[in-house]
Amino acid sequence: MTPLYEGKAKRLFATDHPNELLMEFKDSATAFNGAKKAEFENKGRFNKALTVLLYRALEARGVPTHFVREAGDVALIVKKVDIIPIELVVRNVVAGSLAKRLGRPEGVRLSGPLIELYYKDDALGDPMINDEHVRELALATPEEVVRLKAFGLRVNDLLTEIFSGAGLMLVDFKLEFGRLASDPATVVLADEISPDTCRLWDAQTGEKMDKDRFRRDLGGVMESYAEVLRRLEKELTSGESPSASASLSLS
Ligand code: ADP
Ligand code: UDP
Numbered sequence: 306m307t308p309l310y311e312g313k314a315k316r317l318f319a320t321d322h323p324n325e326l327l328m329e330f331k332d333s334a335t336a337f338n339g340a341k342k343a344e345f346e347n348k349g350r351f352n353k354a355l356t357v358l359l360y361r362a363l364e365a366r367g368v369p370t371h372f373v374r375e376a377g378d379v380a381l382i383v384k385k386v387d388i389i390p391i392e393l394v395v396r397n398v399v400a401g402s403l404a405k406r407l408g409r410p411e412g413v414r415l416s417g418p419l420i421e422l423y424y425k426d427d428a429l430g431d432p433m434i435n436d437e438h439v440r441e442l443a444l445a446t447p448e449e450v451v452r453l454k455a456f457g458l459r460v461n462d463l464l465t466e467i468f469s470g471a472g473l474m475l476v477d478f479k480l481e482f483g484r485l486a487s488d489p490a491t492v493v494l495a496d497e498i499s500p501d502t503c504r505l506w507d508a509q510t511g512e513k514m515d516k517d518r519f520r521r522d523l524g525g526v527m528e529s530y531a532e533v534l535r536r537l538e539k540e541l542t543s544g545e546s547p548s549a550s551a552s553l554s555l556s
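Per the numbering used here, the very first residue in the sequence shown carries number 306; after that it's consecutive.
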């Protein structure tokens with residue numbers, strides 16, 4: 306079957322249902338806008354399993370996502386969306402490009418969550434943009450930008466708590482959003498949530514457990530992903546359902 310789209314880490318396929326796609330996770334890893342590449346056995350399986358666990362947890366806590374159901378070891382059925390070409394990064398601790406931009410050392414806790422917007426455009430290298438660039442490029446309406454930021458903060462609160470229960474510090478992460486093909490007024494969380502898109506540090510030792518192990522040649526990349534999966538499975542499948550008060554409608 307020919308994919309509708311093949312990206313750096315995933316492939317999208319059409320399904321029999323016009324408003325659903327099959328999203329397959331590849332074993333490829335890329336960094337620095339595709340300049341660094343490698344293959345890691347089981348990466349697709351780990352990232353698929355982690356995304357499912359986290360999307361189920363977010364849905365149970367009132368956050369709408371594109372997740373429909375699992376489709377084997379490395380794929381999901383998702384709702385087809387029109388991706389809003391904005392990558393929303395939420396940061397709790399200085400790391401990565403923020404350390405360089407602000408000249409602050411990695412590991413310093415920010416006074417509160419910090420949101421950044423990036424223009425999702427590979428040819429331009431995903432530059433950082435602000436609300437005014439979003440308006441100029443008509444990437445989203447001002448109301449949608451307000452909603453995306455609220456989504457980001459809510460997801461940050463929920464993921465921080467979930468990862469903390471698994472002995473992991475959520476340093477920063479990237480989210481993508483889309484307008485449902487079946488109802489463009491509805492915006493949902495799309496793409497993936499995994500150690501490819503989050504920085505996760507061991508809460509006790511500060512050890513990096515995410516894609517920085519690949520970016521910085523630290524070794525043990527898949528061992529870390531497997532450990533994150535093991536801990537999250539334990540945390541999220543222990544039978545407790547979230548309290549109703551934790552639910553919030555974002556629409
Ligand atoms: P990239 O495009 O950056 O190389 P991936 O390899 O992860 O990234 O490709 C997945 C692509 O699918 C991304 O461009 C992402 O925005 C898009 N996508 C994710 N979820 C959906 C969805 N539900 N409907 C349509 N496109 C999606
Ligand atoms: N991120 C991502 N995709 C991108 C850029 C960043 O998932 O195209 C994630 C990255 O994994 C980290 C956060 O967003 O968790 C912030 O990344 P940063 O701006 O520090 O960029 P980096 O230095 O990692 O390229």
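The C-beta atom is built at its ideal place from N, Cα and C for all residues, glycine as well.
Query raised in the report: DSSP state of PRO418, grouped into three classes?
Result: strand
Query raised in the report: Can you tell which of THR356, ALA314, PHE482 has the C-alpha that lies nearest to the C-alpha of GLU538?
Result: With distances taken between CA atoms, GLU538 lies nearest to THR356 out of THR356, ALA314, PHE482.
Query - Option in ARG536, GLU481, ASP522, GLU375 with minimal Cα separation from ASP507 - result: ARG536
Query raised in the report: Ends of the alpha helix (DSSP H) at ALA404?
Result: 401 to 407
Query - Near the ligand ADP: ILE388 beta-carbon under 6 Å from a heavy atom - result: yes
Report task. Taking the CB atoms as reference points, tell me whether LEU419 and ARG440 lie closer together than 7 Å. Result -> no
**Report entry** Coarse secondary structure for LEU326, derived from DSSP in three states
**Finding:** strand
Query raised in the report: Bridge partners of ILE391, per DSSP?
Result: Under the DSSP definition of a beta bridge, ILE391 partners with TYR424.
Query raised in the report: Going by DSSP, which residues form a beta bridge with GLY483?
Result: ILE388, VAL493, per the DSSP bridge assignment.
Query - Inter-residue spacing [alpha-carbon to alpha-carbon] between ASP378 and ASN347 - result: Near 10 Å, if we compare the C-alpha coordinates of ASN347 and ASP378.
Query raised in the report: At a cut-off of 6 Å, is LYS513 close to the ligand UDP when judged by its beta-carbon and the heavy atoms of the ligand?
Result: no
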